[in-house]
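Colleague: Each residue of the sequence shown is one higher than the one before, starting from 72 at the first, in the numbering used here.
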Amino acid sequence: MAKISAGSYDLNKWLFGGYEDDIVTVVYGSPGTGKTNFCLLAAVSQAKKGNKVIYIDTEGGFSVERTRQIAGEEEYKKALENIFLLKPTSFDEQKEAFKKLEKNLGKEISLIIVDGMTILYRLDFAIAREKDEKEGNGRAGMQKINSELAENMKILVEIARKKGIPVIVTNQVYTWENEKKMVGGDILHYWGKCLIELVNERGKRTAFLRKHRSLPEKSMDFQIIDLGIKRKGWI
């Protein structure tokens with residue numbers, strides 16, 4: 072089974088070689104847990120090798136300075152040249168970007184990252200919910216937005232399967248009745264074949280492998296350093 076490097080020796084070891092290249096991997100957690108760092112590590116790793124990366128940033132988390140730290144002073148400019156950065160500012164722009172990917176994706180692309188898969192979706196969903204409540208439409212508007220999110224995920228899954236391009240998306244979480252859930256309901260949980268939850272409990276960072284096709288559930292304590300992430304211990 073082909074894999075690409077996660078950009079970290081410890082993370083590669085934890086994942087038995089890195090991210091699988093024919094699936095969508097979902098990295099999710101609360102703000103400040105390290106989701107963007109996981110994305111940048113994988114992106115820089117590929118870009119330093121001369122491979123092209125599409126990085127869709129919906130939250131403004133992409134940092135040139137952080138890229139410099141991870142890639143190193145001598146290689147960060149080369150890395151940046153191989154990262155194609157897209158910054159949609161609305162859910163409609165995000166949907167349009169995905170449609171263009173599906174039609175025009177070239178063979179030179181080795182990785183697709185969507186950092187913030189549901190941030191723009193949440194804005195449209197909130198508007199649709201308010202409109203449904205005012206107009207008495209039941210859940211018609213919200214169901215339409217959910218269908219569009221599912222279609223976006225379906226496009227990414229088809230790209231990964233048909234072209235063998237690994238896809239990494241990040242997602243947020245919320246708490247409902249004392250239970251932590253991913254934004255988007257079961258949509259990302261269903262389409263993502265590898266699920267990695269990141270938790271930051273008072274400065275203690277832990278990655279949990281919640282779903283994988285060939286690995287059991289497990290966890291790894293880690294810390295964020297200039298060069299990326301470093302394992303703190305195995306559980």
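From the three backbone atoms N, C-alpha and C, an ideal C-beta is built for every residue, glycine too. Since this is a predicted model, take the numbers as computed values, not measurements.
Please report whether the beta-carbon of E130 lies at a distance below 8 Å from any beta-carbon of chain D.
Modeller: Here there is only one protein chain, and chain D is not present.
Colleague: Confirm, please, whether the CB-CB distance from G187 to D93 is below 8 Å.
Modeller: No, Cβ-Cβ distance for D93 and G187 is not below 8 Å.
Colleague: May I ask you to report which of helix, strand or coil DSSP gives N249?
Modeller: It is coil, neither helix nor strand.
Colleague: Give me the Cβ distance between T138 and L151, rounded to the nearest whole Å; I'm assuming they're in contact under 8 Å.
Modeller: Right, their Cβ atoms sit about 6 Å apart.
Colleague: Using the DSSP secondary-structure output, state which residues sit across from D92 in a beta bridge.
Modeller: DSSP lists no partner for D92.
Colleague: Beta-carbon separation of I239 and T107 under 8 Å?
Modeller: No.
Colleague: Near K301, what residues of its chain come up, given a Cβ to Cβ distance below 7 Å and the 5 sequence neighbours on each side ignored?
Modeller: Correct list, in chain order: D81, F293 and Q294.
Colleague: Indicate whether the contact test is met: 3 or more Cβ pairs, each with one atom in the region 263-270 and one in the region 113-133, closer than 8 Å.
Modeller: With the cut-off at 8 Å, the region 263-270 and the region 113-133 do not touch.
Colleague: When DSSP builds the beta bridges, which residues end up paired with A278?
Modeller: Partner(s): L269 and M291.
Colleague: Only counting the same chain, and skipping five residues up and downstream in sequence, which positions put a Cβ closer than 7 Å to that of I258?
Modeller: So the list reads N217, L220, A221 and M224, once near-sequence residues are dropped.
Colleague: With DSSP run on the structure shown, which of helix, strand or coil describes M188?
Modeller: Coil at M188, not helix or strand.
Colleague: Residues in its own chain within less than 8 Å of N208 by CB, not counting five upstream and five downstream?
Modeller: Result list for N208: K202, in chain order.
Colleague: Decide if K251 is buried, meaning its Cβ has at least 16 other Cβ atoms within 10 Å, or exposed.
Modeller: Counting Cβ neighbours within 10 Å, K251 comes out exposed, since fewer than 16 surround it.
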